[in-house]
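Visitor: Chains as they are written, first to last, in the working numbering: chain L, 1 to 113; chain W, 1001 to 1114.
Beta carbons: idealized from backbone N, C-alpha and C, even for Gly.
First, the structure itself, so that you have it in front of you.
Have a look at this one:
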C-alpha cells in the first residue's frame, strides 16, 4: 500500500508569490492534517480536515488556507510568501479515532528567497 | 489544554548503551501519548502509542515507553543503542476528549557514538 504522498518534494519561491502543496492520504484515511516544521523545532499544527470539513486550525495567518477533496486528498495554499515561511511542510493522515496516531508523508521543503 | 515538554534537546550515548529520552505532559483530560521518530529529510514515523490499555508500551525497533500518571511522564527507552537509532525523536499528546489535535514536543536529537 502506498503511504502518504506529498508533492512537490522541494520548491523554491520568491517573496510575495503563492504556493500550493498537495497531499494524498493513505487509502481509507479520512482525516488529513498539515504541519509546518522549522529546522530544529517540532511540527507546528496548521490545519486538520475530516470528511472535507475543517476540524481545527492552528495559530497561522489568513495567508494560509487549505481544503480537502471528495477523494480525501488535500491542498495547502500559502499566499504572499514571506522569508519566514521557509520550512518543511508535513502532511499526515489518520483514521477517525484520535488514538490512532498519524502517518506522515516525507514533506515538501519550501524555500522562500 | 495540553502540552508536552521534552527534557534535553540532545542526548548522546555510546553504541550498546541504554537510551532514555524524557517526556512530560500536561493534559486536563486523560491523554493519549505518542512517540515519533524522524530521520534526516524524512517525515515522522510512529514508534509507539499509549491509549489507556497497558502502561508499558512496546514499539518498533526495540523501543518501549512507560506511562506514569503520578509523574505525568512517558519516557522512551531502549536497552541497547544502535548506530541506526540516531535520529530526532518527538513526543506528542492528544486529549481523550475535546480537541482532536495532537501537540508535539520540540524534539530530542539522539546521537549514537561508536
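(1) Measuring CA to CA, which of L:112, L:3, L:113 is closest to residue 1046 of chain W?
(2) Can you tell me where the beta strand (DSSP E) holding residue 56 of chain L begins and where it ends?
(3) Is residue 110 of chain L closer than 7 Å to residue 11 of chain L when the C-beta atoms are compared?
(4) Does DSSP put residue 1060 of chain W in a helix, in a strand, or in coil?
(5) Express the C-alpha separation of residue 31 of chain L and residue 95 of chain L in angstroms, rounding to a whole number.
(6) Going along chain W, which residues have a C-beta under 7 Å from residue 129 of chain L?
(7) Going by DSSP, what residues sit across from residue 12 of chain L in a beta bridge?
(8) Can you tell me which of the three DSSP states residue 21 of chain L falls into?
(9) Shorter than 7 Å from the beta carbon of residue 1022 of chain W to some beta carbon of chain A?
(10) Give me the chain L residues within the contact set of residue 1049 of chain W, using Cβ-Cβ distance strictly less than 9 Å, ordered along the chain.
(11) Under a CB-based cut-off of 7 Å, is residue 47 of chain L close to chain W?
(12) What's the C-alpha gap between residue 1069 of chain W and residue 1026 of chain W?
(13) Starting from the Cα of residue 1030 of chain W, find the closest Cα among W:1048, W:1096, W:1102, W:1017 and give me that residue.
(14) Between W:1015, W:1050, W:1089, which lies nearest to residue 1114 of chain W when the distance is taken from Cα to Cα?
(15) Mind checking if residue 1094 of chain W is an interface residue toward chain L, Cβ cutoff 7 Å exclusive?
(16) What are the residues of the segment 1028-1039 of chain W that lie near chain L, defined by any Cβ-Cβ distance shorter than 7 Å?
(17) List the residues of chain W that residue 16 of chain L touches, going by C-beta distances under 9 Å, in chain order.
Guide: Let me lay it out:
(1) Taking the second chain and counting its residues from 1, the one referred to as residue 1046 of chain W is at position 46. The shortest Cα separation from residue 1046 of chain W among L:112, L:3, L:113 belongs to L:3.
(2) Working through the first chain from its first residue, we reach residue 56 of chain L at position 56. Start and end: 53-57.
(3) Along the first chain, read from residue 1 onward, the residue named residue 11 of chain L stands at position 11. Along the first chain, read from residue 1 onward, the residue named residue 110 of chain L stands at position 110. Cβ distance < 7 Å, so residue 11 of chain L and residue 110 of chain L count as in contact.
(4) The count along the second chain starts at 1 and reaches residue 1060 of chain W at position 60. Helix.
(5) As a first step, residue 95 of chain L must be located in the first chain, where it is residue number 95. As a first step, residue 31 of chain L must be located in the first chain, where it is residue number 31. Each residue's alpha carbon lies about 6 Å from the other.
(6) This structure gives no information on residue 129 of chain L, because the portion of chain L shown stretches from 1 to 113.
(7) Taking the first residue of the first chain as 1, we reach residue 12 of chain L at position 12. DSSP lists L:111 as partners of residue 12 of chain L.
(8) Counting from 1 along the first chain, the entry for residue 21 of chain L is found at position 21. Residue 21 of chain L: strand per DSSP, three-state reduction.
(9) The question asks about chain A, but that chain is absent: this structure's protein chains are L and W.
(10) Translated into positions along the second chain, residue 1049 of chain W becomes position 49. Here the neighbours are 99, 100, 101.
(11) To locate residue 47 of chain L, count along the first chain from 1; it is residue 47. Residue 47 of chain L does not count as touching chain W.
(12) For the purposes of this step, residue 1069 of chain W is identified with residue 69 of the second chain, where counting begins at 1. For the purposes of this step, residue 1026 of chain W is identified with residue 26 of the second chain, where counting begins at 1. Answer to the nearest angstrom: the Cα atoms are 10 Å apart.
(13) One-based indexing of the second chain puts residue 1030 of chain W at position 30. Minimum Cα distance to residue 1030 of chain W is reached at W:1096.
(14) In the second chain, the residue the question calls residue 1114 of chain W occupies position 114. The shortest C-alpha separation from residue 1114 of chain W is found at W:1015.
(15) Walking along the second chain from the start, residue 1094 of chain W turns up at place 94. Yes, residue 1094 of chain W lies at the interface with chain L (some Cβ there is under 7 Å from its Cβ).
(16) 1032, 1034
(17) Here residue 16 of chain L refers to the residue found at position 16 when the first chain is read from its first residue. Under the 9 Å cutoff, chain W gives no residues; its nearest Cβ is about 28 Å from residue 16 of chain L.
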